[in-house]
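Undergrad: One structure, as structure tokens, below. Some questions next.
Chains as they are written, first to last, in my numbering: chain A, 1 to 465; chain B, 1 to 247.
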């Protein structure tokens, strides 16, 4: 461990170690200030960026931010590092790496081959000296394609999670939100519900509800009940029709313990889902959620800034070969991401870092009512992510999640983004919409009356029947 | 889409969910009415977060009960929102004014994240609780300004109370900006963990009523005094369901 310093005019800025450089170089985040590790002045922040730009990428393989002996996520990162894949950039500093990422040499094919050679710390470091423009431009060159019953992440596509949450999991209430979403062509990434309780029987009832609906209309998608991995394993043992195993994950062993998981139980969950062999076009069986600030909130951050810890969560994700990963970027609250500026920045950082590491990254574009943000800011972030080539976005009826009490995107927003960017849903799902006569002559999902045809059939569906 | 349809295909769902379903479309956007309805809900939630609980009015309504107005270390809303550590501690000047006594239960009414919850629910819940716990020694009521749940640990300890009950404004959702939560902690002292508390949440007009909430709180208080603990080892039994989302 060595200290770093730089002389700017008359003032020498000294940083005790590599993680101090990383924290000070980070764009302002209330969570880093709360942790007492954010830059105290604007000049010091830029000083740290100068320092960071001159640090060789190789340094991150040797000077570990969280010790190997103390943390299984660090061990996973180090032990799974692919030196051959790293070779093309092994000689670069962080600054040179940024320039190279933006260059024409860094094509989608080159970036795909590079991903196993990158560690979360390298990717987090370079993001800190990148502007929002850079995060969007480079992420849009990354391709991460996964599959289960639909194929997610193909170039020119935009997928979506349909989130039909209900405060008591009332089956008809859940069905109402689900059917409404299907009428907007939402749900090709997953129909995923946050259950009101982790109770096994209640979760299994929801799995059965979605599986019946899927089979009734032959929908080429997958469902997920976002319960704890151990509950999903029990459901599989009990014979539930489970498609995807869900878990919230974080970037340190201690923070994952706070979620009641470790790498072993995550592996166990994945193996259990694989044993069901329910996928048709692929076998990516995990759905994972993350978000900056969760490790600090669990007092498990080791003095490392919240964005770097978040990138480390993607190493955990990458290991599990998931179908879907998303940051729930604005959910955590203003003590970690204060306002829309911080939320938008974090959303772009998370998407960039995930994609560059080879993770199938989506975003829950969202905010709580005690954050300094509103729906206009979500409009901004969703369009930025559309430009960045995000794999999928989350949507709820009218942007209002009546169970988790926060705001995400509306079903309408997914339709609008798809038409604006000319990015239809997953090909299997698009073909289904066409078969159901939901698309107009230009392939658009146009407004229709729900009085007849497929819409009417959907809305007449009874979940409890 | 402006021509009216003669039926609402979502009618049967609207009876069982508050979700904003079947809103209709204008092109790919939301109709004007739906946009404004959403903005109104968000505005109310924001006002609840940034509003000031009217502690002066509450003090009058609570008379002749003894009341202490106590500030946290967070000097304003912006500090409160970004520094949860400061909202958990009592302002040193105010701490010095609190006198310890032989109290069984201390009630703290904290603004938390919803001034509207304090204004609408706190008095009713408190009085319903006092009615049920009349045989116990109750400390002067603390009105906690810019206060989080753990604020009650320090306030309760200063009062010498065996148990502290914190009635606090919950984070507002779009559908409910004025929901109150109750956190019950045995042997309050600085540093108590969340796993050492019990919680009764969703106290509002469309959720748990003041009387039903007071039943649960009073039951938990008596159990806690009997067992000498609160938290994960104090399980609620029959009649104590409805704690969904209470963490």
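All C-beta atoms in this analysis are idealised placements derived from N, C-alpha and C, irrespective of residue type, glycine included.
Output needed in chain order: residues of the region 186-208 of chain B with a Cβ under 7 Å from some Cβ in chain A.
TA: none
Undergrad: Within the same chain, show all residues whose beta-carbon is closer than 7 Å to that of residue 243(A), passing over the 5 residues directly before and after it, in chain order.
TA: Position 243 of the first chain holds residue 243(A). Answer for residue 243(A): 148, 222, 223, 224, 278, listed in chain order.
Undergrad: Is residue 201(B) helix, strand or coil by DSSP?
TA: On the second chain, position 201 is the one that residue 201(B) refers to. Here residue 201(B) carries a strand assignment [DSSP, helix/strand/coil].
Undergrad: Would a C-beta distance cut-off of 8 Å place residue 116(B) and residue 66(B) closer than the cut-off?
TA: On the second chain, residue 116(B) is found 116 positions in, with the first residue counted as 1. On the second chain, residue 66(B) is found 66 positions in, with the first residue counted as 1. Taking 8 Å as the Cβ cut-off, residue 116(B) and residue 66(B) do not qualify as a contacting pair.
Undergrad: Taking the CB atoms as reference points, tell me whether residue 334(A) and residue 310(A) lie closer together than 8 Å.
TA: Position 334 of the first chain, counting from 1, holds the residue named residue 334(A). Position 310 of the first chain, counting from 1, holds the residue named residue 310(A). Judged by beta-carbon spacing, residue 310(A) lies beyond the 8 Å limit of residue 334(A), meaning their Cβ atoms are not closer than that value.
Undergrad: Report yes if the C-beta distance between residue 105(B) and residue 221(B) is below 8 Å; otherwise report no.
TA: The sequence position of residue 105(B) within the second chain is 105, counting from 1. The sequence position of residue 221(B) within the second chain is 221, counting from 1. Contact: yes.
Undergrad: Give a yes or no on whether the C-beta atoms belonging to residue 3(A) and residue 12(A) are separated by under 8 Å.
TA: Against the first chain, residue 3(A) aligns to sequence position 3. Against the first chain, residue 12(A) aligns to sequence position 12. In terms of Cβ geometry, residue 3(A) and residue 12(A) do not form a close pair [threshold 8 Å].
Undergrad: Step through the CB atoms of chain B and report whether any lies within less than 8 Å of the CB of residue 419(A).
TA: Residue numbering aside, residue 419(A) sits at position 419 when the first chain is read from its first letter. Yes, its Cβ sits closer than 8 Å to a Cβ of chain B.
Undergrad: Pull out every residue of the region 331-350 of chain A whose Cβ sits closer than 7 Å to any Cβ of chain B, in chain order.
TA: 334, 335, 338
Undergrad: Which partner residues of residue 471(A) appear in the DSSP bridge assignment?
TA: Since the first and last residues shown for chain A are 1 and 465, residue 471(A) lies out of range.
Undergrad: Does the count of Cβ pairs from the region 40-48 of chain A and the region 57-72 of chain A closer than 8 Å reach three?
TA: no
Undergrad: For the beta strand (DSSP E) that contains residue 69(B), what are its first and last residues?
TA: Working through the second chain from its first residue, we reach residue 69(B) at position 69. That run of the beta strand (DSSP E) goes 67-71.
Undergrad: Taking residue 188(B) and residue 161(B) to be in contact with their CB atoms under 8 Å, please state how far apart those CB atoms are, rounded to whole angstroms.
TA: Taking the second chain and counting its residues from 1, the one referred to as residue 188(B) is at position 188. Taking the second chain and counting its residues from 1, the one referred to as residue 161(B) is at position 161. Contact flag correct, Cβ pair sits at about 7 Å.
Undergrad: Please list the terminal residues of the continuous beta strand (DSSP E) segment that includes residue 13(A).
TA: Against the first chain, residue 13(A) aligns to sequence position 13. Element bounds for residue 13(A): 11-15.
Undergrad: Which stretch, first to last residue, makes up the beta strand (DSSP E) that contains residue 162(B)?
TA: Here residue 162(B) corresponds to residue number 162 of the second chain, with the count starting at 1. Segment 161-169, the beta strand (DSSP E) holding residue 162(B).
Undergrad: Could you give the first and the last residue of the continuous beta strand (DSSP E) run that contains residue 110(B)?
TA: Your numbering for residue 110(B) matches position 110 in the second chain. Unbroken beta strand (DSSP E) run through residue 110(B): 103-110.
Undergrad: What residues from the region 23-34 of chain B come within 9 Å of chain A, judged by C-beta to C-beta, listed N to C?
TA: 23, 24, 25, 26, 27, 28, 29, 30, 34
Undergrad: Any C-beta of chain A within less than 8 Å: which residues of the region 52-78 of chain B qualify?
TA: In summary, no residue of the region 52-78 of chain B has a CB separated from any CB of chain A by less than 8 Å.
Undergrad: Which class does residue 259(A) belong to by DSSP, given the choice of helix, strand or coil?
TA: For the purposes of this step, residue 259(A) is taken as residue 259 along the first chain, with counting starting at 1. Residue state, collapsed to three classes: coil.
Undergrad: In angstroms, rounded to a whole number, what distance separates the CA positions of residue 134(B) and residue 266(A)?
TA: Position 134 of the second chain, counted from the start, is the residue given in the question as residue 134(B). Position 266 of the first chain, counted from the start, is the residue given in the question as residue 266(A). If I take the Cα positions, the gap works out to 51 Å.
Undergrad: Could you check where the beta strand (DSSP E) with residue 461(A) kicks off and where it finishes?
TA: Start at 1 with the first residue of the first chain, and residue 461(A) comes out as number 461. Taken as a continuous stretch (DSSP letters only), residue 461(A) belongs to no beta strand (DSSP E), as it is neither H nor E.
Undergrad: Does DSSP classify residue 411(A) as helix, strand or coil?
TA: If you number the first chain from 1, residue 411(A) lands on position 411. In this structure, residue 411(A) counts as helix in the three-state DSSP scheme.
Undergrad: Between the C-alpha atoms of residue 196(B) and residue 159(A), what's the straight-line distance to the nearest angstrom?
TA: The residue labelled residue 196(B) in the question sits at position 196 within the second chain. The residue labelled residue 159(A) in the question sits at position 159 within the first chain. C-alpha separation (whole angstroms): 42 Å.
Undergrad: With DSSP as the reference, please indicate the residues paired to residue 90(B) in a beta bridge.
TA: Within the second chain, the letter at position 90 stands for residue 90(B). DSSP lists 72(B) as partners of residue 90(B).
Undergrad: Applying a beta-carbon distance threshold of less than 9 Å, which residues of chain A neighbour residue 81(B)?
TA: Position 81 of the second chain, counting from 1, holds the residue named residue 81(B). Result: 30, 333, 334, 335, 338, 370, 371, 372.
Undergrad: At 4 residues or longer, and completely inside the region 188-226 of chain A: list those alpha helix (DSSP H) runs for me, N to C.
TA: 200-217
Undergrad: Could you check the C-alpha separation between residue 20(B) and residue 393(A) for me, to the nearest Å?
TA: Residue 20(B) sits at position 20 when you count from the first residue of the second chain. Residue 393(A) sits at position 393 when you count from the first residue of the first chain. Cα to Cα, residue 20(B) sits roughly 18 Å from residue 393(A).
Undergrad: From the DSSP secondary-structure annotation, give me the bridge partner or partners of residue 339(A).
TA: Residue 339(A) sits at position 339 when you count from the first residue of the first chain. Residue 339(A) is bridged to 372(A).
Undergrad: When you compare only the Cα positions, how much space is there between residue 199(B) and residue 307(A)?
TA: The sequence position of residue 199(B) within the second chain is 199, counting from 1. The sequence position of residue 307(A) within the first chain is 307, counting from 1. Those two C-alpha atoms are separated by around 32 Å.
Undergrad: Should residue 411(A) and residue 175(A) be called a contact, given that it needs their Cβ atoms to be closer than 8 Å?
TA: Taking the first residue of the first chain as 1, we reach residue 411(A) at position 411. Taking the first residue of the first chain as 1, we reach residue 175(A) at position 175. No, the Cβ-Cβ distance between residue 411(A) and residue 175(A) is not below 8 Å.
Undergrad: Could you check whether the Cβ of residue 299(A) sits closer than 8 Å to any Cβ belonging to chain B?
TA: Along the first chain, one-based indexing puts residue 299(A) at 299. Chain B contact via Cβ: absent.
Undergrad: Of the choices 202(A), 116(A), 35(A), 59(A), whose alpha-carbon is the least far from that of residue 79(A)?
TA: Residue numbering aside, residue 79(A) sits at position 79 when the first chain is read from its first letter. Cα-wise, what sits closest to residue 79(A) is 116(A).
Undergrad: Enumerate in chain order the residues of its own chain whose CB-to-CB distance from residue 318(A) is below 7 Å, with the five nearest sequence positions on each side excluded.
TA: Mapped onto the first chain, residue 318(A) falls at position 318. Cβ neighbours of residue 318(A) beyond the five flanking positions: 357, 358, 359.
Undergrad: Any beta-carbon of chain B closer than 8 Å to the one on residue 248(A)?
TA: Looking up residue 248(A) in the first chain gives position 248. Cβ-Cβ to chain B under 8 Å: no for residue 248(A).
Undergrad: Decide if residue 58(B) is buried, meaning its Cβ has at least 16 other Cβ atoms within 10 Å, or exposed.
TA: Your numbering for residue 58(B) matches position 58 in the second chain. When all chains shown are included, residue 58(B) counts as buried.
Undergrad: Evaluate contact between the region 118-135 of chain B and the region 83-101 of chain B, counting only Cβ atoms and requiring at least three cross-stretch pairs below 8 Å.
TA: no
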